[in-house]
Amino acid sequence: MALLTLEGFSDEPLQDALELLTAAGFSADVEPAREIYVNRDLRMNAISWVGFDMDYTLALYHQDELDALSVRHTVDTLIEHFGYPEAIRAIKPEPDFAIRGVVVDRKLGNILKLDSHYYVGRAYHGFQPVARELKKAYQDERIRLSLDRYVLVDTLFALPEAFLYAAIIDHLERDGDGAALDYMQLYDHIRAAIDLAHADGRIKRDVLGDIPRYVRRDPELAQTLHKLRSAGKHLFLLTNSEWYYTSELMSYMLDGALSSYPTWRNYFDVVITTAKKPWFFRGDDPFLLLDELGRPLREEQNGFIRGHVYEGGNLNDFQRKLGLRGSEVLYVGDHIYGDMIRSKRDSAWRTCMVIQEMEGELQKRDTMRAELNAWYALDHELAALNSDLSAHRRVLERLDAAYGLGTLDTALGQKVERARRDLKRHLDLLGKRRRTALGRLIDLDLEIAANFNPFWGFLFKEGAEHSFFGGQVEDYACIYTSRVSNLRQYSPLRYFRARTQHMPHEL
Ligand SMILES: [Mg+2]
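Residue numbers (the numbering used here): 382 to 888.
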């Protein structure tokens, strides 16, 4: 770690102590994949309540196993209920294909990745990139996600539906069975099949039947929650999952992890299941007190009883019962819409987003350091060339304007004419250099992006812009990180500071 050394300050004793700590097994630095990143300043000492979502936040899933399970049930339903051919059973999961933030175009049967300005960067039809001419159909318009034709894939739960949509189109059209494929209907069938598999409890039953296969037990989670509690924070659980499922998963993750907490419920001051987020943030559903078997006992008018479990509820009652101001709450979740956007728009809650994909993304960044540095150098060169070109063009415009008036005396007129010729030659050369640098940058960009994800490139970027997903994370998550237990590496009183942002004219 490079530390800033002030004049007259010797950092030798400090370095000495750090080296000894490292030798004694204390890790030197937080590795990038486990860091907490900051979009908006957050003072943890102003936070008195920390809330957690469960699925994909406290409980991280083995994504490939859960996807395979979801795909299997959905394919079964498509064949049995909707008459799809048996041949679609041959579809094999393709873990890289669906990523968060892609958009399904139900009208044309395509999957799109947008930049943060809602323009299409990449598009696939089946598993084939959409041809250049067809891609033009998207180029003149920002994608209006409010239109019925588009569906945003914004949770990890929804990845299998995007994958299956592409896989079935690919499969049926490749075999010539898809001549009359109705893309809208196909999507609706997949959606209905997945909903059915969730609604009749098949998927949850399978997960509960073999929890270690589907859920990652984070050995640092218990210590993380304990550390927050030791600093005087109150903790709450706010999940859309039902009581029976919540209870089994939370037991698996936390029961017996620390002797001072006999069960997972001892970590939390309030537990709310079936919360119906995002409705929770705007609605007025009452809190229902549940009995030990998860059956509703009564509406809870007053405060919460510690150690009991609730269902439903709403933001206003939650804050009123606890006598809280919204800005004292930090909510940790993974769903950009249900957890981040709604809590940000409808409440004053601060937000921490868990993005489990970051670990893989940052590890790959590390292995591609040399290529990324070359990319940054080229990008820098290109910016310098662009600024040079535009400065020279402004001078040429000035010369052209003066020359065009036709009022210059002969000697000055000749000088201006010669300067214009020289400048145009120079501009040609700069233009050529710019094209070469741009070509190299695009090649390098493709090479690097393919290494991250051969279909979509970076999760957080699209071309030179933030991806749609990256832009939403920046707008709605005060801080973000790859898993909850990364909080353990920071003081519970930490002041998370965002970097100063600059607009282009300020640089
Ligand atoms: Mg979740």
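Ideal placement from N, C-alpha and C gives every residue a C-beta, glycine not left out.
Practice problem: Assign residue 712 to one of three DSSP states: helix, strand, or coil. | Solution: In the three-state reduction of the DSSP assignment, residue 712 falls in the strand class, which pools E and B.
Quiz item: Which residue spans inside the region 394-447 form an unbroken alpha helix (DSSP H) run of at least 4?
Solution: If we require 4 residues or more, the region 394-447 turns out to have no alpha helix (DSSP H) run fully inside it.
Practice problem: With a threshold of 7 Å, establish whether the CB of residue 442 neighbours any heavy atom of ligand 2. | Solution: This structure simply doesn't include ligand 2; it includes ligand 1 instead.
Quiz item: Is it the case that the Cβ atoms of residue 669 and residue 691 are separated by a distance below 8 Å?
Solution: A Cβ-Cβ contact shorter than 8 Å links residue 669 with residue 691.
Exercise. Using a Cβ cut-off of 8 Å (strictly closer), state whether residue 747 contacts chain B.
Key: Going by chain labels, chain B is absent from the structure shown, which holds only one protein chain.
Quiz item: Where does residue 692 sit, in a helix, a strand or coil, going by DSSP?
Solution: Per DSSP, reduced to three states, the secondary structure at residue 692 is strand.
Exercise. Run the CB neighbour count on residue 788, radius 10 Å, all protein chains shown included, and call it buried at 16 or more, exposed below.
Key: Classification for residue 788: exposed.
Quiz item: Hey, residue 612 and residue 873 are a contact pair by Cβ (cut 8 Å); roughly how many whole angstroms apart?
Solution: Sure, about 3 Å apart at Cβ, within 8 Å.
Quiz item: Beta carbon of residue 458, beta carbon of residue 540: below 8 Å?
Solution: The answer is no: Cβ separation not under 8 Å.
Quiz item: Run through DSSP, which three-state label would residue 661 get?
Solution: Correct three-state label for residue 661: helix.
Quiz item: Would the beta-carbon of residue 434 be found less than 7 Å away from any heavy atom of ligand 1?
Solution: It does: the Cβ of residue 434 is within 7 Å (strictly closer) of some heavy atom of ligand 1.
Self-check item: Residues bridged to residue 491 [DSSP beta-bridge criterion]
Solution: Under DSSP, residue 491 shares a beta bridge with 486 and 506.
Quiz item: Helix or strand or just coil, what does DSSP make of residue 496?
Solution: Assignment of residue 496 by DSSP, reduced to helix, strand and coil, places it in the strand class.
Quiz item: Taking DSSP as the reference, what is the three-state secondary structure of residue 465?
Solution: Three-state result, residue 465: coil.
Quiz prompt | residue 715 CB to nearest heavy atom of ligand 1 below 7 Å | solution = Remark: the shortest separation between the CB of residue 715 and any heavy atom of ligand 1 falls under 7 Å.
Self-check item: Length at least 3, wholly inside the region 527-573: the beta strand (DSSP E) runs in chain order
Solution: DSSP assignment within the region 527-573 yields the following whole beta strand (DSSP E) runs of 3 residues or more, N-terminal first: 531-533.
Self-check item: First and last residue of the uninterrupted alpha helix (DSSP H) at residue 592
Solution: Here the alpha helix (DSSP H) through residue 592 covers 592-595.
Exercise. Confirm, please, whether the CB-CB distance from residue 493 to residue 524 is below 8 Å.
Key: Yes, they are a contact pair.
Quiz item: Is residue 654 near ligand 1, judged by its Cβ being under 7 Å from some heavy atom?
Solution: No, Cβ of residue 654 sits at least 7 Å from all heavy atoms of ligand 1.
Quiz item: Touching or not, the region 670-683 and the region 621-637, by the rule of three or more beta carbon pairs under 8 Å?
Solution: Cβ pair count under 8 Å is three or more, so yes.
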